[in-house]
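So the protein lines, in turn, are chains P and V.
Quick note on numbering: the first sequence equals residues 545 to 1315 in the numbering used here.
Quick note on numbering: the second sequence equals residues 1250 to 1334 in the numbering used here.
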Amino acid sequence: MDITRRKFIKSAAVNSAIATAVALFPGISFSAWTNKEGASGQILWEKTPCRFCGTGCGLLVGVSGDRAVAVKGDPNCSVNKGLCCVKGYHSIQALYGKDRLTKAMVRKNGKLVTVPVKEALDVIANKMQETIKKHGKDSVAMYGSGQWTIPDGYAASKLFKGCIGTNNVEANARLCMASAVVGFLTSFGKDEPMGCYDDIDHADVFITWGNNMAEMHPVLFSRMLARRKKRKDIRIIDLATRMTRSGQAADKAIIFNPQTDLAIANAICYEIVRNDRVNWDFVKKHCSFHKGKTGIGYGIEDHFKFKDKAQNSSFQEFKTFLKDYTPEKVAKISGVSAMDIKYLASVYGDPDKKVTSFWCMGMNQHTRGTWINNLVYNIHLLTGKISTPGNSPFSLTGQPSACGTVREVGTLTHKLPFGVVMKEKAREKAAKIWKVPVKNIDPKPSYHTVEMFRALDRGDIRFMWVQVTNPMVTIPNLKRYRDGAQKKDRFLVVSDVYPTPTTDVADVILPAAMWIEREGFYGNSERRTQHFEQILPAQGDSICDTWQIIEVARRMGFEKQFPWKQETYIKDIWNEYIQFHDYPAHRMAPYNLLKERSGVQWPFVNGKETKWRFNAKYDPACEQKGFDFYGKPDRKAWIWLRPYEPAAESPDREYPFWLNTGRVLEHWHTGSMTRRIPILHGSMPAAYVELNPDDAADLGIVNNSKVKITSRRGSIVMIASINGRGRPPRGMVFVPFFDEKYLINEVTLDAFCPMSKQPDYKKCAVKIERV
Amino acid sequence: MPVFSYLAHPVEGAKDKLMNEVKECDHCEVIPADNEDILIILTDTPDDDAEKKLWKKLTNLKSMRSLDMIFGHAGEDARKNIKKG
Ligand code: SF4
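So, in structure tokens, the structure goes:
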């Protein structure tokens, strides 16, 4: 190995250890370590956001020649202030797995064969045109990702919605963030958090709702621990359905029965009202009360349709509604003691404490995901703890650009980069910027993600192009959809960086340039847009996902809409895209500034970033003094009356356990990248099923026993883990989904929140047997 | 040519002893924390075998309470079969 490279790897190794130690022991110092890196001048350090989670840490990647050789946290990035987690430190190794896809492939006579990229692009364009001719424009679809860069999603939306004229554009962020989006829209009329990560530096109490931040957002969790280390009165309360590393590190861990977070949130409001802890000044000026439909279903059947209808309500009606949620009543269904519920209410209701609530998949992957988002906002609104430093209801994102690409560009069936397809003004604006006739843009949304895969199975969709995601591991009730994708007369194009179960069933594979092998932008959880340069050459024949779409669009006759040159297309797309957001509530930073800085938060107005929205002190879009919830026509935040309703499927005599699924620290989603990083793979080589020790004893299961998990949809055999990293309560098992050897989604249920259409991966009924 | 870094936690009161013991091992550098009972150990071994032997030696040191691996550059050979089938 080259000596300089080796020296830098050693330097990266020590820096990683120091960062981890700092996370564990804030204030720790290592004066014996004198970092001599950079002295040789042979390593160039380039900034980029991390490839993995939605925290959006800034990294500095050390490049020697054509190769990335080291990573350190970017001290100029306010997200992580030089810190990283284990995935970030090892991220560059994901570029160099031995089986990187570097050649295009086309299935011929049933076998995938290597072809020139040009030929593959011709096949895609021809097949799409042929399918549209035969089956109509709604027979073709694009399924993308919260790991798409902003230009990828923008180009996809323009091609499918603007040029082809179908709203068949979805992204895997539907599976992780849709409930957060609809929660924001219904409560505030504007998507994305009002606060930012600086809230961590101001809050007195952190309450995490079904959110294992220690593993999923480790750098933010470290920031919380560092704050607690500095001030003895800081508290972390973990409200969850299983004991995790987050619960272990918290000051108080409260375990509740799945789905009953709805009842707990209402009980907290009940107590706040009962004890007159309502911030009346805030509520009277800035809140209005509303109710919607109830008994809204679960979307298990094909063609399921639901539309909520908001009705005005009042504080009095809200107070009466809350009577069903006394702490004593809720204790019975939630398993949380009335005392703990009262404690939570006292924390939220204490006017002298700043409270930040964090959540992510636990609340979003929920058949009442929109409702639980609304209900946690209710708590913050009743107490006026919102839009000020440290007072923040904060919905975290899972993916690096779920916000930037999916939510802001609008790569969901009903969305456009500005507004929704149903609104004429939004269609007109898009048509003008995209230079397409306005009639091209269909005013009716088509299929959300689960329904899109159902349509592929039924044959309503015949052609699907998948970029930067791995649905043949992640779609719930997977077997139906994998069989559907392989039916005769279905055509699947997959753009990816490694072979996956999704490329296994593809008809065309396009090798994609990965992350810093191309230029792009991500947008993280706190409205921060992050630019990255192409730092490394693309490997083999791989090309950037955006350029793949441009090439296909041109082949289909849309040269006018996709006129850009290869040298400048990312900048040109950015300049076109930001026209959609050229108003104070969402103005984005210019290209040159994004190139310079380690991320810029929008709204970016008059050269200033916005840290807290809806508060005139910080937000340039406010038109009145104090708070201004300008997203809603009444300029108020909406408090919703939303009841507790049970899960789509609950344990019964035949299937007596809850199945909960999720992620682990070491692996990114389906593991297609992180399982190719030796050290991450080595420390978490295979998935497992976590059981409660008492359940395991009852069933005669010991650590490493083989266990069969069966639901009404499928079964899987895997290894038991007892008293391992996590500990579920009695009656629940937990399985991580990173391992393609164990397709747990063959067992899960494709029920979703009728409002957000986001599936619930956290709750279905299974039985457990020792094998 | 693997490079690894670890956080080493000494048994109570044995931080200096652990540091001296680690210093005596080949292919090791040790960086003590100034204000906590913790050490960073950096290993730079010629091959996987030497790395494994060193790891065993480190974990068997009497003054070592626990050793957490933080970073590893193991070389391409360490890649295991991770695909289905
Ligand atoms: S916390 Fe997330 S963004 Fe930060 S380094 Fe880890 S994986 Fe990357």
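By construction, the Cβ of each residue, glycine as well, lies at the ideal position given by its N, Cα and C atoms.
Predicted model only: the values in this text are computed from it and were never measured.
Residue i: contacting residues in chain P (beta-carbon distance under 7 Å)
{"i": "L1291(V)", "result": "K554, A557, V558"}
Chain-ordered neighbours of residue i on chain V, where CB pairs are closer than 8 Å
{"i": "F513(P)", "result": "The shown model of chain P, from 545 to 1315, leaves out residue 513(P), and the question about it has no answer."}
{"i": "W577(P)", "result": "I1280, I1289"}
{"i": "S1227(P)", "result": "M1318"}
For residue i, the residue or residues it bridges with in DSSP
{"i": "R1072(P)", "result": "Q1145(P)"}
{"i": "Q522(P)", "result": "In this structure chain P extends from 545 to 1315, so residue 522(P) is not present and cannot be described."}
{"i": "V1037(P)", "result": "W1009(P), V1052(P)"}
{"i": "R1186(P)", "result": "Partner(s): none; R1186(P) has no beta bridge."}
{"i": "K616(P)", "result": "L604(P)"}
{"i": "H1322(V)", "result": "V1252(V)"}
{"i": "T658(P)", "result": "M649(P)"}
{"i": "S689(P)", "result": "Its beta-bridge partners do not exist; DSSP assigns none."}
{"i": "W1212(P)", "result": "Bridge partners of W1212(P): none, in fact."}
{"i": "I1263(P)", "result": "K1250(P)"}
{"i": "V1277(P)", "result": "L1203(P), L1235(P)"}
{"i": "S1207(V)", "result": "With chain V running from 1250 to 1334 in the structure shown, residue 1207(V) is simply not present."}
{"i": "R1271(P)", "result": "M787(P)"}
Span of the beta strand (DSSP E), counted from its first residue to its last, around residue i
{"i": "M1058(P)", "result": "Looking at the DSSP string, M1058(P) is not in any beta strand (DSSP E), and its letter there is neither H nor E."}
{"i": "S1178(P)", "result": "In the sequence on display, residue 1178(P) carries Asp and not Ser. No beta strand (DSSP E) contains D1178(P), which DSSP labels as neither H nor E."}
{"i": "F1253(V)", "result": "1252–1259"}
{"i": "F938(P)", "result": "936–939"}
{"i": "E1234(P)", "result": "1233–1235"}
{"i": "K1311(P)", "result": "1308–1314"}
{"i": "E1278(V)", "result": "1277–1281"}
{"i": "E968(P)", "result": "Note, E968(P): premise wrong, no beta strand (DSSP E); alpha helix (DSSP H) at 968–978."}
{"i": "F750(P)", "result": "749–753"}
Where residue i meets chain P, residues with beta-carbon distance less than 9 Å
{"i": "L1307(V)", "result": "By Cβ distance, chain P contributes nothing, its closest Cβ being about 14 Å from L1307(V), past 9 Å."}
{"i": "L1256(V)", "result": "A561, T564, A565, L568"}
Whether residue i touches residue j by CB criterion (7 Å)
{"i": "S1039(P)", "j": "Q1092(P)", "result": "yes"}
{"i": "I812(P)", "j": "I923(P)", "result": "yes"}
{"i": "A1181(P)", "j": "K1169(P)", "result": "no"}
{"i": "V1041(P)", "j": "A1056(P)", "result": "yes"}
{"i": "K1252(P)", "j": "S1259(P)", "result": "yes"}
{"i": "I1019(P)", "j": "F1035(P)", "result": "no"}
{"i": "Y535(P)", "j": "L888(P)", "result": "Past the edges of chain P, shown from 545 to 1315, lies residue 535(P), and the structure says nothing about it."}
{"i": "E1285(V)", "j": "P1251(V)", "result": "no"}
{"i": "F1282(P)", "j": "F1124(P)", "result": "no"}
{"i": "T838(P)", "j": "P1298(P)", "result": "no"}
{"i": "T1292(V)", "j": "L1310(V)", "result": "no"}
{"i": "V1096(P)", "j": "I668(P)", "result": "yes"}
{"i": "G948(P)", "j": "G1067(P)", "result": "yes"}
{"i": "P1190(P)", "j": "A1165(P)", "result": "no"}
{"i": "G733(P)", "j": "K1301(P)", "result": "no"}
{"i": "L627(P)", "j": "V615(P)", "result": "no"}
{"i": "F862(P)", "j": "F833(P)", "result": "yes"}
{"i": "Y698(P)", "j": "M1008(P)", "result": "no"}
{"i": "V661(P)", "j": "A648(P)", "result": "yes"}
{"i": "A724(P)", "j": "S890(P)", "result": "no"}
{"i": "I1287(V)", "j": "V1271(V)", "result": "no"}
{"i": "T788(P)", "j": "N755(P)", "result": "no"}
Neighbour list for residue i in chain P, Cβ cutoff strictly below 8 Å
{"i": "V1252(V)", "result": "R550, I553, K554, A557"}
Residue i beta carbon near the ligand COA (any heavy atom closer than 6 Å)
{"i": "K631(P)", "result": "With respect to the ligand COA, the structure offers nothing, as its ligand set consists of the ligand SF4."}
Residue i - containing alpha helix (DSSP H), residue span
{"i": "G727(P)", "result": "722–732"}
{"i": "T900(P)", "result": "Where T900(P) is concerned, there is no enclosing alpha helix (DSSP H), although the beta strand (DSSP E) it sits in stretches over 899–903."}
{"i": "G791(P)", "result": "789–793"}
{"i": "M768(P)", "result": "762–774"}
{"i": "M1268(V)", "result": "1264–1273"}
{"i": "D696(P)", "result": "694–701"}
{"i": "V880(P)", "result": "From DSSP, V880(P) is part of no alpha helix (DSSP H); its letter is neither H nor E."}
Neighbouring residues, chain V, relative to residue i (Cβ below 9 Å)
{"i": "I985(P)", "result": "Chain V residues near I985(P): none, gap ~41 Å exceeds 9 Å."}
Review point. Mind listing which residues of the region 1295–1322 of chain V have their C-beta closer than 9 Å to chain P's C-betas, in chain order?
Key: Shown in chain order are the members of the region 1295–1322 of chain V whose Cβ falls below 9 Å from a Cβ of chain P: D1317, M1318, I1319, F1320, G1321, H1322.
Practice item. Using a Cβ-Cβ cut-off of less than 7 Å, list which residues of the region 614–640 of chain P approach chain V; keep chain order. Key: Y633
Practice item. Anything in the region 1193–1225 of chain P with a Cβ closer than 8 Å to a Cβ of chain V? List those residues in chain order, please. Key: G1215, R1219, R1220, P1222, I1223, H1225
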